[in-house]
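The block underneath contains the structure these notes are about, expressed in structure tokens.
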Amino acid sequence: MGSVVLSLDAELAWGFHDQDTLLESRVAEARDSWLRLLELFDEFDVRTTWAVVGHLFLDSCDGTHADLPRSDGWFARDPGTWEGRDERWYGSKLVEAIESAGADHEIGSHTFSNVDMNTASREIAAAEVRRCVELAEDRGLQVDSLAFPDNSVGHRDVLAAYGIRCYRGRRPRRWYDRGLLGSAAKLVGWPTGAIAPTLVTPEVDEYGLVNVPASLYLFSFEGWARSLAERYGRDPIATMAKRGIDRAATEDGVFHMWLHPNNLREERDFDRVRTIVEHLAEVRAETPLSVETMGDIAGELKDDKPLPREPIGPR
10 MGSVVLSLDA ELAWGFHDQD TLLESRVAEA RDSWLRLLEL FDEFDVRTTW
60 AVVGHLFLDS CDGTHADLPR SDGWFARDPG TWEGRDERWY GSKLVEAIES
110 AGADHEIGSH TFSNVDMNTA SREIAAAEVR RCVELAEDRG LQVDSLAFPD
160 NSVGHRDVLA AYGIRCYRGR RPRRWYDRGL LGSAAKLVGW PTGAIAPTLV
210 TPEVDEYGLV NVPASLYLFS FEGWARSLAE RYGRDPIATM AKRGIDRAAT
260 EDGVFHMWLH PNNLREERDF DRVRTIVEHL AEVRAETPLS VETMGDIAGE
310 LKDDKPLPRE PIGPR
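Residue numbers for the sequence shown follow the numbering used here, so the first one is 10 and each next one is one higher.
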């Protein structure tokens with residue numbers, strides 16, 4: 010039988026700090042959404058991987074981060090204050106909430122400052138990953154998993170050098186991901202079940218890392234298309250996710266869903282995730298389906314010994 014993985018990219022304001030304007034609609038309620046998701050996962054005892062931006066491990070900072078090689082104003086929006094004053098930039102209490110949750114979650118990395126690892130220099134990539142590992146170790150945690158910001162994969166050798174074991178790879182492209190015809194096919198096929206959900210096969214890459222590709226982004230069918238489908242009583246994403254869970258219960262492979270806490274802004278967003286998680290718990294209770302973290306998947310393909318740490322610099 011297969012398994013289901015649910016990973017979350019936990020960013021708060023860091024998900025938008027490099028954009029012209031912060032998306033207030035996505036940031037304002039992100040802390041509350043984070044905590045509500047933890048309560049939901051506890052209710053159904055569903056384990057997940059939380060890929061947390063490293064800066065959110067902090068409860069305060071000076072705003073400069075001189076140990077990170079950036080001179081381009083990258084940290085210009087960092088307030089250099091503390092969590093009680095600027096909650097959208099710090100998340101120490103939120104990380105504690107993950108640690109103390111009833112469900113046994115994995116805490117992974119989303120880089121220190123939500124940097125694009127495909128375009129960043131090797132020096133920056135190494136500094137970002139190193140700082141995340143250090144902050145996690147200060148809390149007695151080990152970083153086994155990383156979700157690349159914007160799923161922009163890069164510098165995988167740096168991950169391996171700092172002992173990370175796995176990452177969330179890009180979702181395999183399907184014919185319906187291309188062009189207007191594909192968009193139309195999703196509009197019709199996702200709600201009706203005409204398009205099958207994607208099960209992925211994790212693999213060990215050339216750096217010894219386990220690639221756990223994504224299957225379904227839980228907020229990839231929004232706007233007018235979602236509203237139109239819901240008018241007829243169906244949430245296309247919930248339908249697709251439930252079918253993916255059902256498929257994983259009867260076939261080999263991994264159904265890997267992911268989202269951001271800041272995706273959840275309206276009650277219908279929470280209803281979607283609740284519907285999916287409740288269905289997952291029901292299928293798990295009735296079948297051999299397993300619910301795993303990214304780190305669990307990596308441990309099944311490789312031994313449980315931590316990878317050696319090899320601090321590196323520019324190449």
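The beta carbon of each residue, even a glycine, is placed where N, CA and C say it ideally should be.
All figures in this text were calculated on a predicted structure; none of them were measured in a lab.
* **Closest residue to Asp280 among Asp244, Leu298, Thr302, Gly253 (Cα-Cα distance)** => Asp244
* Going by CA-CA distance only, name the one from Ala136, Ala110, Ile173 that's closest to Gln151. => Ile173
* Ala247 beta carbon less than 7 angstroms from that of Ile285 -> yes
* To do: Could you check which residue in Ser130, Ile107, Asp159 has the C-alpha nearest to that of Asp166?
  => Ser130
* To do: Tell me whether the beta-carbon of Cys175 lies closer than 7 angstroms to the beta-carbon of Leu218.
  => yes
* Under a Cβ-count criterion, where at least 16 other Cβ atoms within 10 Å of its own Cβ denotes burial, should Leu65 be classed as buried or exposed? -> buried
* **Glu212, DSSP secondary structure in three states** => strand
* To do: With a 10 Å radius around its C-beta and 16 neighbouring C-beta atoms as the bar for buried, classify Val36 as buried or exposed.
  => buried
* Asked: Which partner residues of Asn271 appear in the DSSP bridge assignment?
  -> Asn271 pairs with nothing; no bridge assigned.
* Run the CB neighbour count on Ser42, radius 10 Å, all protein chains shown included, and call it buried at 16 or more, exposed below. => buried
* Which whole-angstrom value describes the C-beta separation of Arg177 and Val221, a residue pair presumed to lie in contact below a C-beta threshold of 8 angstroms? -> 6 angstroms
* Is it right to say Thr73 is buried, meaning 16 or more other beta carbons lie within 10 angstroms of its own, or is it exposed? -> exposed
* Which residue from Ala294, Asp255, Arg274, Arg139 puts its Cα closest to that of His265? -> Asp255
* To do: Would you mind stating whether Thr58 and Gly11 have Cβ atoms separated by less than 7 angstroms?
  => no
* Inspect the beta-carbon positions of Ala292 and Ala258 and report whether they are closer than 7 angstroms. => Sequence inspection shows Val at residue 292; the Ala mentioned does not correspond to that position. Yes, the pair counts as a contact, with Cβ atoms nearer than the cut-off.
* To do: Going by CA-CA distance only, name the one from Met303, Ser299, Arg139 that's closest to Asp54.
  => Ser299
* Which residue from Glu52, Asp261, Glu143 puts its Cα closest to that of Ala112? -> Glu52
* **Of the residues Val124, Asp153, Asp312, the one placed nearest Leu77, counting alpha carbons only** => Val124
* **Same chain, Cβ closer than 8 angstroms to Asp159, five either side skipped, listed in chain order** => Asp125
* Asked: Would you call the CB atoms of Tyr99 and Leu67 closer than 7 angstroms?
  -> yes
* Just how far apart, CA to CA, sit Arg277 and Leu49? -> 14 angstroms
* To do: Kindly give me the distance between the Cβ atoms of Val62 and His119, rounded to whole angstroms, as I take these residues to be in contact under 8 angstroms.
  => 5 angstroms
* The alpha helix (DSSP H) spanning Ala258 covers which residue range? -> 245 to 259
* To do: For Trp184, name the three-state secondary structure that DSSP assigns.
  => In this predicted model, Trp184 has a pLDDT of only 49, less than 50, meaning its place in the structure is not dependable enough to derive any value.
* Asked: If you run the structure through DSSP and keep just helix, strand and coil, what is Trp83?
  -> coil
* Bridge partners of Trp59, per DSSP? -> Leu17, Ile116
* **Residue nearest to Asp71 in terms of C-alpha spacing, selected from Glu143, Gly89, Thr207** => Gly89
* Hey, quick one: how far does the alpha helix (DSSP H) through Glu92 stretch, first residue to last? -> Here Glu92 belongs to no alpha helix (DSSP H), and DSSP marks it neither H nor E.
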